[in-house]
Amino acid sequence: MSTVTDYLLTDAQVAQFVVTGYHLVEPDLPAGLNDGIAAKLESLQSNPGDAITDAVPDLWQVLDHPAVRGTLVSLLGPDYEVQGHRHWHCKQPDSGFMQWHQDSTNSRDLRLNRFLGLYYPTDVTPDMGPTVIVPGTQYRNAPTDRMATYTNIRGQVPLVVKAGTVAFTHYDLWHGTAANRSKYKRHMIKFLFRRTKQNQAPTWNHDPAALNSATDWNDRDGAGDPRNILTFGNPIGVSQSDHYKERGIRRQVWDYLTGDVPLEAIDA
Amino acid sequence: MAKKKNKKAKFKEKRQRLLYLHGRSPSVFSDILGYTPIEPIDGYRVEISAEEQDWPYHTVHDAIVDGWQVVQFPQLQAPFDDSGLDVVGYEFILQKMEEFDR
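Residue numbers (the numbering used here), protein chains in the order written: chain H, 2 to 269; chain C, -12 to 89.
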């Protein structure tokens, strides 16, 4: 039987999350669970808001799956909290796109203390209005109004996923949706997770020599080790100035996750 | 013959097509990171797409070569904090005046 330890992230996966701001998990859920959740959602007459887990208790099976918990423990520590706020997003057939935005106000936090988990109980095809994210934008301190003149951005990623996928996304990642031109509702349950204790040491499958590899200037786009991922990752091809700033920020976030840096109190 | 031409012209009017291009840098030769065309057609909307992107221009200069005029360049003298990151790229706004049917 699999345990959370089996699913802890590697150094390279943590580095990829620090760079791109997202990580997809496809848990091996019990047969019929996704279909059952989708059917229950279809039958709801109104949106229960935070009480969606009361209306659809099987959602806890998704959150309790060791593959899901493995990612949460890796990035938020073993004492992570599933916050009380959660929401069922039902994108109706023939509904339009949703503009780029960052959740909440623009006060970016370099500490990785909370992020979202987006669970999709059905397959999501491109015509079903998938969530679309812009990798690497999570460190930008930009109010949503300033994004109003953007539509399509190079390197954007539509979350065209298999049923059961959980997409973990940095809280500040730019995101929106495409239009739903299919005849199907596109369901997504959004969960919010929070760190409760600062890391004293890495909480993932960490190799202390992770950053010791040589800088590989000849394979910048194909970097597979954490040092080169943190150094060269540039998901949407931003300018040199921005890229250098991102490198510095990533290193701070990495150091924070490894517990190397004493930090101020965690937000409530 | 001339009468016929005038009649046709009555049903045409020049309108402003807009193009928001977000350049990787303030140079018109840099790659673009964002592409948003605005057509002067009633009910027209642009939207985020889940499909593969296939833009007609790779740079602002490509668009200029195709007849677009830059009407607003990126504002580089605005106050900024060089330690932080804000929006993606540098915004150029271009226009092309073209005839449209009324």
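By construction, the Cβ of each residue, glycine as well, lies at the ideal position given by its N, Cα and C atoms.
Cutoff 7 Å; reference residue i; Cβ partners in own chain excluding five residues on either side
i, result
"Ile38 (chain H)", "Val57, Asp59, Leu60 and Pro122"
"Val163 (chain C)", "Outside the shown range of chain C (-12 to 89) lies residue 163 (chain C), about which nothing can therefore be said."
"Arg155 (chain H)", "Ile237 and Gly238"
"Gln3 (chain C)", "Pro27, Gln82 and Met84"
"Phe18 (chain H)", "His24 and Leu76"
"Asp41 (chain C)", "none"
"Asp124 (chain H)", "Lys163 and Ala164"
Separation of residue j from residue i, as counted between CA atoms
i, j, result
"Ala211 (chain H)", "Trp205 (chain H)", "12 Å"
"Gly21 (chain C)", "Val15 (chain C)", "13 Å"
"Gly30 (chain C)", "Asp208 (chain H)", "56 Å"
"Val20 (chain H)", "Arg251 (chain H)", "7 Å"
"Met148 (chain H)", "Val74 (chain C)", "7 Å"
"Ala1 (chain H)", "Glu27 (chain H)", "This structure leaves residue 1 (chain H) out entirely; chain H is present only between 2 and 269."
"His66 (chain H)", "Leu72 (chain C)", "36 Å"
"Pro94 (chain H)", "Leu63 (chain C)", "43 Å"
"Ser242 (chain H)", "Gly50 (chain H)", "42 Å"
"Leu45 (chain H)", "Ala52 (chain H)", "12 Å"
"Glu0 (chain C)", "Arg89 (chain C)", "6 Å"
"Thr54 (chain H)", "Ile51 (chain C)", "54 Å"
"His176 (chain H)", "Gly71 (chain H)", "24 Å"
"Thr183 (chain H)", "Ala202 (chain H)", "Per the sequence presented here, residue 183 (chain H) reads as Ser, with Thr not at that position. Those two C-alpha atoms are separated by around 47 Å."
"Glu34 (chain C)", "Thr46 (chain C)", "21 Å"
"Pro61 (chain C)", "Ser108 (chain H)", "24 Å"
"Leu1 (chain H)", "Thr166 (chain H)", "The structure shown does not extend to residue 1 (chain H), since chain H is modelled only from 2 through 269, so no value can be given for it."
"Leu117 (chain H)", "Tyr172 (chain H)", "6 Å"
"Gly22 (chain H)", "Ala168 (chain H)", "10 Å"
"Ala269 (chain H)", "Lys198 (chain H)", "Here Ala269 (chain H) scores only 33 on pLDDT, less than 50, and its place in the model should not be relied on; the value that follows carries that caveat. Looking at the two C-alpha atoms, the distance is approximately 11 Å."
"Phe87 (chain C)", "Arg32 (chain C)", "17 Å"
"Gly10 (chain C)", "Met99 (chain H)", "23 Å"
"Leu160 (chain H)", "Pro13 (chain C)", "31 Å"
"Asp222 (chain H)", "Ala40 (chain H)", "42 Å"
Burial state of residue i, where buried means 16 or more other Cβ atoms lie within 10 Å
i, result
"Ile267 (chain H)", "Low per-residue confidence applies at Ile267 (chain H): pLDDT is 42, beneath 50, and the placement is therefore not dependable enough to give any value."
"Asn181 (chain H)", "buried"
"Asn219 (chain H)", "exposed"
"Thr232 (chain H)", "buried"
"Ile28 (chain C)", "exposed"
"Val162 (chain H)", "buried"
"Ser3 (chain H)", "exposed"
"Ala(-11) (chain C)", "With a pLDDT of only 48 at Ala(-11) (chain C), under the threshold of 50, the placement of this residue in the model should not be trusted; the figure read from the coordinates follows. The residue is exposed, with fewer than 16 neighbouring Cβ atoms inside 10 Å."
"Thr259 (chain H)", "buried"
"Asp12 (chain H)", "buried"
"Gly249 (chain H)", "exposed"
"Ala16 (chain H)", "buried"
Selection from the options that minimises the alpha carbon distance to residue i
i, options, result
"Leu174 (chain H)", "H:Leu34, H:Ala143, H:Gly78 and H:Glu27", "H:Ala143"
"Gly54 (chain C)", "C:Lys(-1), C:Leu6 and C:Glu0", "C:Leu6"
"Thr178 (chain H)", "H:Val19, H:Thr126 and H:Val254", "H:Thr126"
"Ile134 (chain H)", "H:Tyr120, H:Val158 and H:Ser3", "H:Val158"
"His86 (chain H)", "H:Asp80, H:Asn107 and H:Ile190", "H:Ile190"
"Asp104 (chain H)", "H:Met2, H:Ser47, H:Thr197 and H:Thr170", "H:Thr170"
"Ala224 (chain H)", "H:Tyr8, H:Thr4, H:Gln14 and H:Met2", "H:Gln14"
"Thr150 (chain H)", "C:Phe87, C:Tyr77 and C:Tyr44", "C:Tyr77"
"Pro43 (chain C)", "C:Ser36, C:Ile19 and C:Glu34", "C:Ile19"
"Leu349 (chain H)", "C:Phe60, C:Ser70, C:Phe(-2) and C:Gln40", "An answer regarding residue 349 (chain H) cannot be provided, because it is not within the stretch 2 to 269 covered by chain H."
"Lys92 (chain H)", "H:Tyr245, H:Lys186 and H:Arg221", "H:Lys186"
"Tyr245 (chain H)", "H:Tyr140, H:Tyr120 and H:Asn48", "H:Tyr140"
"Met129 (chain H)", "C:Asp49, C:Phe87 and C:Ser36", "C:Ser36"
"Gly276 (chain H)", "H:Thr106, H:Leu113 and H:Pro131", "The shown model of chain H, from 2 to 269, leaves out residue 276 (chain H), and the question about it has no answer."
"Val254 (chain H)", "H:Asp222, H:Tyr120, H:Leu113 and H:Leu117", "H:Leu113"
"Glu38 (chain C)", "H:Leu117, H:Asp36 and H:Thr152", "H:Thr152"
Close beta carbons around residue i, own chain, < 6 Å, minus the five adjacent residues each side
i, result
"His102 (chain H)", "Thr145"
"Leu42 (chain H)", "His188"
"Ser214 (chain H)", "Asp226 and Arg228"
"Pro24 (chain C)", "Leu6"
"Trp89 (chain H)", "Asn48, Ile53 and Ile190"
"His48 (chain C)", "Val15 and Phe16"
"Gly234 (chain H)", "Val20"
Contact set for residue i: own chain, Cβ-Cβ below 8 Å, skip 5 residues either direction
i, result
"Gln62 (chain H)", "Leu30, Pro31 and Leu34"
"Thr216 (chain H)", "Arg228, Asn229 and Thr232"
"Val239 (chain H)", "Gly137 and Glu247"
"Gln84 (chain H)", "Arg115, Phe192, Leu193, Phe194 and Arg195"
"Val74 (chain H)", "Val5, Leu9, Tyr81, Thr204 and Trp205"
"Asn200 (chain H)", "Gly78, Tyr257, Leu258, Thr259 and Gly260"
"Thr106 (chain H)", "Pro144"
"Gln56 (chain C)", "Leu81, Gln82 and Lys83"
Short CB-CB distance (under 7 Å) between residue i and chain D
i, result
"Val69 (chain H)", "Checking the listed chains, one finds no chain D in this structure; the protein chains it contains are H and C."
Self-check item: Members of the region -5 to 20 of chain C that neighbour chain H once the beta carbon cut-off is set at 8 Å
Solution: Tyr7, His9, Arg11, Ser12, Ser17, Asp18, Ile19 and Leu20
Quiz item: In the region 219 to 249 of chain H, which residues sit with their C-beta less than 9 Å from some C-beta in chain C, listed in chain order?
Solution: Answer set for the region 219 to 249 of chain H: Ile237, Gly238, Val239, Ser240, Gln241, Ser242, Asp243, Lys246, Glu247 and Gly249.
Quiz item: If you measure beta-carbon to beta-carbon, which residues of the region 22 to 51 of chain C are closer than 7 Å to chain H?
Solution: Among the residues of the region 22 to 51 of chain C, those with a Cβ less than 7 Å away from any Cβ of chain H are Tyr22, Thr23, Val33, Glu34, Ile35, Ser36, Ala37, Glu38 and Gln40, in the order of the chain.
Quiz prompt | Near-chain C residues of the region 110 to 128 of chain H - C-beta to any C-beta below 8 Å | solution = Pro127 and Asp128
Practice problem: For the region 60 to 79 of chain C, enumerate the residues whose C-beta is nearer than 9 Å to any C-beta of chain H, in chain order. | Solution: So the close ones are Asp68, Asp69, Ser70, Gly71, Leu72, Asp73, Val74, Val75, Gly76, Tyr77 and Glu78.
Quiz prompt | chain C contacts made by the region 161 to 185 of chain H, where a contact means CB separation under 9 Å | solution = Val161, Trp175, Gly177, Thr178, Ala179 and Ala180
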